[in-house]
Amino acid sequence: MSSLLAEFVNFTETLNRETIDYAICGGWAMAIHGLPRATVDIDLLILTEDLNEVWNIAQNLGYDVEGLPLHFHNGAIEIRRISKIDKESKRLFTLDFLLVTEPLEEVWKNRELIEWEDGKTWTVSREGLIRLKTISGREQDLLDIKKLREVENES
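Residues in the sequence shown are numbered consecutively from 772, following the working numbering.
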């Protein structure tokens, strides 16, 4: 039976092996930056020109439930979603690909290669994560920003 962590590690290792640029964002980035919280999906920032290749990799790993393209905040955030249902556990796993749009270019440029217990992964910087969450502005994002700033002030 697969877990969200196993899916995360498998997908990012595959992207690393295929030398595809990406940056983890969302709940996983919070955890990598030392602020773990519950999350139900895997969010990755990717270049628009890499979308087809990343999509094909996801499909080769069993992701076959395609979501409709999502657009938020006047196109500042564009998401392509693909999911799979684990055959054994019947659990849903979702990948959200956030495309690098003009408002996100600085977030992309400042991503970091971070080593953690399960390997190396490209991740948006702490400031990049704050920028993404500021654009999004959802309640959970505002709580995350507060935690990120608290940790920043403690340093």
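Ideal Cβ positions, reconstructed from N, Cα and C, are used throughout, including at glycine. Small disclaimer: the values here were computed from a predicted structure and weren't measured.
To which residues of the same chain is residue i closer than 6 angstroms at the C-beta, ignoring the five residues directly before and after it?
i: D812; result: T865 and D867
i: I856; result: L863
i: L786; result: Y793
i: K918; result: L806
i: D821; result: I791
Measuring CB to CB, does residue i end up less than 9 angstroms from residue j?
i: L816; j: I803; result: no
i: I850; j: L875; result: no
i: S896; j: E910; result: no
i: I901; j: T872; result: no
i: H842; j: S907; result: no
i: W893; j: L818; result: no
Exposed or buried, what is residue i when buried is set at 16 or more other beta-carbons lying within 10 Å of its beta-carbon?
i: G846; result: exposed
i: K858; result: exposed
i: G797; result: buried
i: G838; result: exposed
So the alpha helix (DSSP H) residue i belongs to, where does it begin and stop?
i: T783; result: L775 to R788
i: L914; result: E910 to E925
i: K904; result: R897 to S907
i: L822; result: L822 to N831
i: G798; result: G797 to I803
Might you give, ordered along the chain, the residues of its own chain that have their beta carbon closer than 7 angstroms to the beta carbon of residue i, omitting 5 neighbours on each side?
i: E824; result: I791
i: A829; result: I853 and L866
i: F779; result: W799 and I813
i: L776; result: none
Quick one: what's got a C-beta closer than 8 angstroms to residue i's C-beta in the same chain, skipping five residues either side?
i: T905; result: D912 and I916
The beta strand (DSSP E) spanning residue i covers which residue range?
i: E886; result: E883 to W887
i: G846; result: G846 -> no beta strand (DSSP E), and no H or E assigned at all.
Is it true that the region 871–891 meets the region 852–863, where meeting means three or more beta-carbon pairs spaced less than 8 angstroms apart? no
Three or more C-beta pairs under 8 angstroms: does that hold for the region 913–925 against the region 822–834? no
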